[in-house]
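K.L.:
I'd like to ask you about the structure that follows.
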Ligand SMILES: Nc1ncnc2c1ncn2[C@@H]1O[C@H](COP(=O)(O)OP(=O)(O)O)[C@@H](O)[C@H]1O
Ligand SMILES: [Mg+2]
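Numbering (the working numbering), first residue to last: 23 to 229.
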């Protein structure tokens with residue numbers, strides 16, 4: 023595959039959307055073809071699965087059910103969108119991908135890394151990001167950043183800071199085992215963070 027697969031990870035409020043917007047406008051102004059993808063949505067089937075996952079009425083959902091729903095959406099988006107776009111040579115930018123499943127389901131929810139790693143490889147048929155930016159932020163700062171947000175709190179966000187702390191630790195743990203993951207301190211200003219991202223992306227693009 024000739025494109026470039028870039029993913030953004032980190033707890034809610036760490037700045038993923040902000041950085042993805044900055045990268046997108048840069049790629050656009052330089053005429054580099056790219057596509058934005060949001061997990062677990064991004065396909066018609068995936069958007070339906072996303073609605074199930076975020077629905078507060080589904081508070082009885084078992085953690086294994088949740089894991090399998092994420093993996094189901096992932097299998098679909100890999101085949102329907104990510105692989106074809108990469109084959110066309112595009113930069114594919116994904117707002118969360120399987121490292122989220124490692125941190126949230128594998129570690130924070132305690133389902134274990136063995137099952138999650140296996141399912142991640144299975145649902146993607148072995149496809150992995152070329153480069154992953156982990157925007158690392160403490161859960162209190164992330165919470166304060168989110169506070170101004172107008173979105174109604176969703177089921178995952180309602181679970182509080184203790185859970186987010188575990189997720190953050192899970193991300194940091196997996197980052198030590200994967201050289202594709204670049205840990206970026208997310209306490210800096212958006213511009214400072216973005217310069218690091220731009221440098222890394224342009225390096226792998228060979229520009
Ligand atoms: N580096 C930063 N410093 C301070 N505030 C930020 C920074 N990056 C993003 N924000 C603000 O924090 C909030 C959450 O950012 P967002 O990009 O939506 O995070 P995410 O997509 O990871 O949930 C937004 O209001 C955004 O403007
Ligand atoms: Mg976001």
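Where is the CB? At the ideal position from N, CA and C, for every residue including glycine.
What you are looking at is a predicted structure, and each value in this text was computed from that prediction instead of being measured.
1. How is residue 204 classed by DSSP in three states: helix, strand or coil?
2. Following the continuous beta strand (DSSP E) through residue 215, name the residue where it begins and the one where it ends.
3. Measuring straight from C-alpha to C-alpha, what distance separates residue 163 and residue 200?
4. Measuring CB to CB, does residue 197 end up less than 8 Å from residue 203?
5. Is any heavy atom in ligand 1 found nearer than 7 Å to the beta carbon of residue 208?
6. By Cβ distance, which residues of its chain are closer than 7 Å to residue 161, with the 5 residues on each side in sequence left out?
7. Bridge partners of residue 157, per DSSP?
8. Flag residue 218 as yes when its Cβ comes closer than 7 Å to any non-hydrogen atom of ligand 1, and as no otherwise.
9. At a cut-off of 7 Å, would you count residue 117 as near ligand 2, judging by its Cβ distance to the nearest heavy atom?
P.N.:
Looking at the coordinates:
1. strand
2. Taken as a continuous stretch (DSSP letters only), residue 215 belongs to no beta strand (DSSP E), being part of the alpha helix (DSSP H) at 212 to 227.
3. 26 Å
4. yes
5. yes
6. 33, 183, 186, 187 and 190
7. 206
8. no
9. yes
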